[in-house]
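Participant: Have a look at this one before I ask anything.
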Amino acid sequence: MKKILIFGLTSLLMLSSCTESFLESTPTTQIPAEQFYNSEERITQGLIAAYAPLQWPDWAFGQYNPLQFVSDVMSDDVRVGGGNAKDNEHLQRMRFFNANSLLVCESLWTVFYSGINRANIVIHRIDDVPNLAPANKNRILAEAYTLRAYYYSWLWKLWGNVPHYDVNPSTPPFLVPQISADELYAKIIEDLNFALDGDKLPSTVVSGETGRFTKAAAQMLRANVVMYQNDEAKFPQVLQDMQSIIGAGSYDLNSSFGDIWEDKGEWSKESIFEVNYSDDLATRSWDNPLFAGGSVYPTLIGINGISNSPEFAGGWGFEPVEKALYDTYEAADQRKDGGILNFAKHKEEYPGANYDPRYDDTGYFNRKYLPRQGGNSKSTAPKELNYRNNYRVYRFSETLLIASELLVRTGGSQTQADEYLNKVRGRAYNNTGNYKKTATLDNLLIENRLEFALEGHRFWDLVRFGKAEQVLGSRGFTANKKHLPIPQSEIDKAQGTLTQNPY
-4 MKKILIFGLT
6 SLLMLSSCTE
16 SFLESTPTTQ
26 IPAEQFYNSE
36 ERITQGLIAA
46 YAPLQWPDWA
56 FGQYNPLQFV
66 SDVMSDDVRV
76 GGGNAKDNEH
86 LQRMRFFNAN
96 SLLVCESLWT
106 VFYSGINRAN
116 IVIHRIDDVP
126 NLAPANKNRI
136 LAEAYTLRAY
146 YYSWLWKLWG
156 NVPHYDVNPS
166 TPPFLVPQIS
176 ADELYAKIIE
186 DLNFALDGDK
196 LPSTVVSGET
206 GRFTKAAAQM
216 LRANVVMYQN
226 DEAKFPQVLQ
236 DMQSIIGAGS
246 YDLNSSFGDI
256 WEDKGEWSKE
266 SIFEVNYSDD
276 LATRSWDNPL
286 FAGGSVYPTL
296 IGINGISNSP
306 EFAGGWGFEP
316 VEKALYDTYE
326 AADQRKDGGI
336 LNFAKHKEEY
346 PGANYDPRYD
356 DTGYFNRKYL
366 PRQGGNSKST
376 APKELNYRNN
386 YRVYRFSETL
396 LIASELLVRT
406 GGSQTQADEY
416 LNKVRGRAYN
426 NTGNYKKTAT
436 LDNLLIENRL
446 EFALEGHRFW
456 DLVRFGKAEQ
466 VLGSRGFTAN
476 KKHLPIPQSE
486 IDKAQGTLTQ
496 NPY
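498 is the number that the numbering used here gives the last residue of the sequence shown; the numbers go up by one with no jumps.
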């Protein structure tokens, strides 16, 4: 689907573009929606349009809210950085749990509801398509339901109590009821259960369709949601899902952890789902940030003023990594330097390398997504906006660690739980030395941090393990900081139908 997304997106953006109100659903195309979706080609175009917002958070209408970064600023792994304490102030405030409704990542609210609107269109227009083969219809529907669940899952994690609708409102003032976080969780599970019932989704996709949801990717999404909710009743089902992915043999760990983050690591045997970005024929520009193309995230976190480095290009100096995270790794763990760049070591390798420190600099950087030299070489649009780094959403190592954790939580086989954990650790230590550990909840929380550092997992793990106040309390976290304040702009539009979160 990568080529489809790149070449087919521009025209599709007109079908259900974002407007000032996230609930606005009036089509902007000159062809009424009820007349447009009259062929398999056109409903597939609608599905492509529903995938498009997956690419938007990194830019987020100029607010720069990559999901990894937004999540990790609330953890103990990174700082915000940038030019000063007012640069991307909403993130600075989130880091110290001092967000307010006027300074919060409201652009993500718009991104996710845009995706929901588009998924709803596919779901409710697919019956307009004559002679659509049942298998194709089921797959398109399952993907649309999974996309809707994905977008709602982020609203659920970030804000909890939000408006929910599965049919786009069609008459002013476009208001829908706000529901509780628990009610929204049930809706997300309902969508995923529909998508995963039977064989609507393929187990894998051919190379030209990478970027489309598979059954394994939808199972990973369901696992993440169930685990965050701590829904013990669903643990056995999710464990079965994880073991089915493991047993199928379609995925495995890469031998080199560092290679995951290079071009050759995209859609490798370890990758279950990625959001595609490409510099080839990219059209993303300062004037058209929602057009298809590459990612600005590498530029956002790139090392300011870097010089004489044959590996890395420069950027704006956001997301400096805490030294304490780097020091958590043992020297023999390839994730230590495979995921984090220690600039002092980089300078030892390349003595001429240097950079200009920015605000809150630590000397440690997110190597996983740093801009590589030549990583935007094919772009004829602004290069800093169009790096080809894919967003790695679900990796096979996460499948293994979820399965291990669920075996521990459900009283399953300790031997099997240890095996899954130590398969991940074995890769990290090149299967040498005394790397094996017993799978306990404490060890698994640590392992999740080591394996998924700077991928946006840590804060959510601390919350679901009940450790957030212990680890983050000194920065201001309390139980009611689990959900962000709802953007004031949305409160104002809602005409009294939205209740603010007690942040």
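We treat Cβ as the ideally placed atom computed from N, Cα and C, and that holds for glycine.
#1: Does the Cβ-Cβ distance between Val75 and Asp355 come in under 8 angstroms?
#2: Would Ala474 be called buried (16 or more neighbouring beta carbons within 10 Å of its own) or exposed?
#3: In this structure, what does DSSP give as the bridge partners for Asn361?
#4: One question on the structure: do Gly491 and Trp311 come within less than 8 angstroms of each other, judged by their Cβ atoms?
#5: Quick one: using the 10 Å Cβ neighbour count with 16 as the cut-off for buried, is Leu196 buried or exposed?
#6: Can you tell me where the beta strand (DSSP E) holding Tyr389 begins and where it ends?
#7: Quick one, which of Leu150, Ala114, Leu136 and Gly193 has its alpha-carbon nearest Val162's?
#8: Considering only the beta carbon of each residue, do Trp51 and Pro482 sit closer than 8 angstroms?
#9: Express the C-alpha separation of Asn438 and Tyr324 in angstroms, rounding to a whole number.
#10: Three Cβ pairs or more, each shorter than 8 angstroms: is that satisfied between the segment 256 to 266 and the segment 403 to 421?
#11: Who are the near neighbours of Ala423 in its chain, counting only those whose CB is closer than 8 angstroms to its CB and skipping five residues on each side?
#12: What residue range does the alpha helix (DSSP H) around Val65 cover?
#13: Does DSSP classify Lys488 as helix, strand or coil?
#14: By the 10 Å Cβ neighbour count, where 16 or more other Cβ atoms means buried, how is Val316 classified, buried or exposed?
#15: Could you compute how far the alpha carbon of Trp256 sits from the alpha carbon of Lys363?
#16: Gln224 to Gln411, Cα distance in whole Å?
#17: Are the beta-carbon atoms of Gly309 and Ile296 separated by less than 8 angstroms?
#18: Which residue's Cα is closest to the Cα of Leu153: Ser302, Lys462, Phe169 and Val458?
#19: How big is the Cα-Cα spacing for His159 and Val171?
#20: Cα separation between Leu18 and Arg353?
#21: Can you say whether Glu506 is buried or exposed, counting buried as having 16 or more other CB atoms within 10 angstroms of its CB?
#22: Identify, in the order they occur along the chain, each residue of the same chain with its Cβ nearer than 7 angstroms to the Cβ of Tyr345, setting aside the five sequence neighbours on each side.
#23: Rounded to the nearest angstrom, what separates Thr394 and Met237 at their Cα positions?
#24: Could you check which residue in Ala212, Asn443 and Val220 has the C-alpha nearest to that of Ile241?
#25: Taking 6 angstroms as the limit between beta carbons, can you name the residues of its chain near Ser148, skipping five residues before and five after?
#26: Just list the residues that DSSP pairs Gly76 with in beta bridges.
#27: Rounded C-beta distance between Gly110 and Pro48? I'm assuming under 8 angstroms.
#28: Spell out the partners DSSP gives Val270 in its beta bridges.
#29: Could you give the distance in angstroms between the alpha-carbon of Asn112 and the alpha-carbon of Asn337?
Facilitator: Checking against the coordinates, here is how it stands:
#1: Contact: yes.
#2: exposed
#3: Ile335
#4: no
#5: buried
#6: Taken as a continuous stretch (DSSP letters only), the beta strand (DSSP E) holding Tyr389 covers Tyr386 to Arg390.
#7: Ala114
#8: no
#9: 13 angstroms
#10: no
#11: Phe252, Asp328, Gln329, Arg330, Tyr430, Leu445 and Glu446
#12: Leu62 to Asp67
#13: helix
#14: That one is buried.
#15: 5 angstroms
#16: 24 angstroms
#17: No; because the gap between Cβ atoms is not below 8 angstroms, this pair is not in contact.
#18: Val458
#19: 7 angstroms
#20: Note on Leu18: pLDDT 32, under 50, position unreliable in the model; no value is reported.
#21: No information on residue 506 is available, as it lies outside the stretch -4 to 498 that the chain covers here.
#22: If we look at Tyr345 and ignore the five residues flanking it on each side, its Cβ neighbours are Asn303, Ser304 and Pro305.
#23: Taking the straight line joining both Cα atoms gives about 6 angstroms.
#24: Ala212
#25: Ile183 and Val220
#26: Phe313
#27: 4 angstroms
#28: Tyr386
#29: Asn337 has its alpha-carbon roughly 43 angstroms from the corresponding atom of Asn112.
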